[in-house]
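Shown next, in structure tokens, is the structure this report addresses.
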Amino acid sequence: MPRIKKKTEENLVTYSVLDREISNSDFLGDPDLHRDHLPQPYRRIDKILQDLLENVWNILEKNDNERKIEQSKPRAQKYSVYSVLEGLDDFNCMCNSTDDFNDFIFIGSNGFIHCVDVTTMSIIAKVDLGKNVSDTSTNIINIYTAQIKQSAHLIVSISDTGFVFFHVFMVDNFYPVQPLINDSDAERKYIYRKCEISKNAELLAFFVEGFSLIVLDIQLDF
Numbered sequence: 001m002p003r004i005k006k007k008t009e010e011n012l013v014t015y016s017v018l019d020r021e022i023s024n025s026d027f028l029g030d031p032d033l034h035r036d037h038l039p040q041p042y043r044r045i046d047k048i049l050q051d052l053l054e055n056v057w058n059i060l061e062k063n064d065n066e067r068k069i070e071q072s073k074p075r076a077q078k079y080s081v082y083s084v085l086e087g088l089d090d091f092n093c094m095c096n097s098t099d100d101f102n103d104f105i106f107i108g109s110n111g112f113i114h115c116v117d118v119t120t121m122s123i124i125a126k127v128d129l130g131k132n133v134s135d136t137s138t139n140i141i142n143i144y145t146a147q148i149k150q151s152a153h154l155i156v157s158i159s160d161t162g163f164v165f166f167h168v169f170m171v172d173n174f175y176p177v178q179p180l181i182n183d184s185d186a187e188r189k190y191i192y193r194k195c196e197i198s199k200n201a202e203l204l205a206f207f208v209e210g211f212s213l214i215v216l217d218i219q220l221d222f
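Residue numbers (UniProt numbering): 1 to 222.
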């Protein structure tokens, strides 16, 4: 007698289902699947959002590093304006007095020498160089000073043509001193460029154009 064999049920897997299973389990191509149990398409959306957040974080980190590098660069120190002096729009040079407290600032300009009191930040004296000379430039480009004695300062100023002016500043006024030479620009032999004054103004050293150095031993009587 023949036996009837029971038919077993078989599940046929279609290509579309197989492809979907492979794409959902591609751990080698997408290692994040090991810790991501979201089904598609939510897994793809989550991955896009994660990439977007990572890119934004990288941009923020890059900008922060650039800002730190920029802040670490050396910069010139900024100072607030303490005071503005009127009438000194065209000055060329200046120097501090050499007394204990640097009480004065001497300023050279075109035709004038000014004295500024640092305690009040005001001009307390001014001398018109054009009153003493008429045949030479009075545009002062270098100015030097040294304290002679208490409340007395020697002022040496040099014009753009190399002419030297000597003044003594006392209390609140300038007093002219006999210059090195009285020749006009056409006749004088020396063109003075720079000067150094020793302590107490006992010696003057001049750098002269065409020469090396001239040193003068001066005596000022009061």
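Just so you know, even glycine gets a beta-carbon here, dropped at the ideal spot from N, CA and C.
- Of the candidates Asn65, Thr145, Phe163, Thr136, the residue whose Cα lies closest to the Cα of Met170 is Thr145.
- In the DSSP annotation of this structure, Asp64 is not part of any beta strand (DSSP E); the continuous alpha helix (DSSP H) holding it starts and ends at 42 to 72.
- Burial state of Phe163 is buried, judged by a 10 Å Cβ sphere holding 16 or more other Cβ atoms.
- In the DSSP assignment, Glu196 falls within the beta strand (DSSP E) that extends over 192 to 197.
- Going by DSSP, Tyr175 is part of the beta strand (DSSP E) stretching over 173 to 177.
- Taken through DSSP and simplified to helix, strand or coil, Lys78 comes out as coil.
- A distance below 7 Å between beta-carbons, with the five flanking residues on each side excluded, links Asp172 to the following residues of its chain, in chain order: Ile124, Ala125.
- For Leu129, the secondary structure class from DSSP, reduced to helix, strand or coil, is helix.
- The straight-line gap separating the alpha-carbon atoms of Val116 and Gly130 is approximately 20 Å.
- In this structure, Gly108 keeps its C-beta atom at 8 Å or more from the C-beta atom of Ile148.
- Boundaries of the beta strand (DSSP E) harbouring Phe169: 164 to 170, taken from the DSSP string.
- Scanning Ser151, Glu209, Phe207 for the CA closest to the CA of Thr98 turns up Ser151.
- The alpha carbon of Pro176 has as its nearest neighbour, out of Asp103, Asp128, Phe101, the alpha carbon of Asp128.
- For Ala146, the enclosing beta strand (DSSP E) covers residues 140 to 149.
- Closest in C-alpha terms to Met121, from the list Asn58, Leu53, Asp51, Leu85, comes Leu85.
- Beyond the five residues adjoining it in sequence on each side, Phe104 comes within less than 6 Å, by CB distance, of Ser97, Cys115 in the same chain, given in chain order.
- Taking C-alpha positions only, Ser72 is separated from Phe211 by approximately 48 Å.
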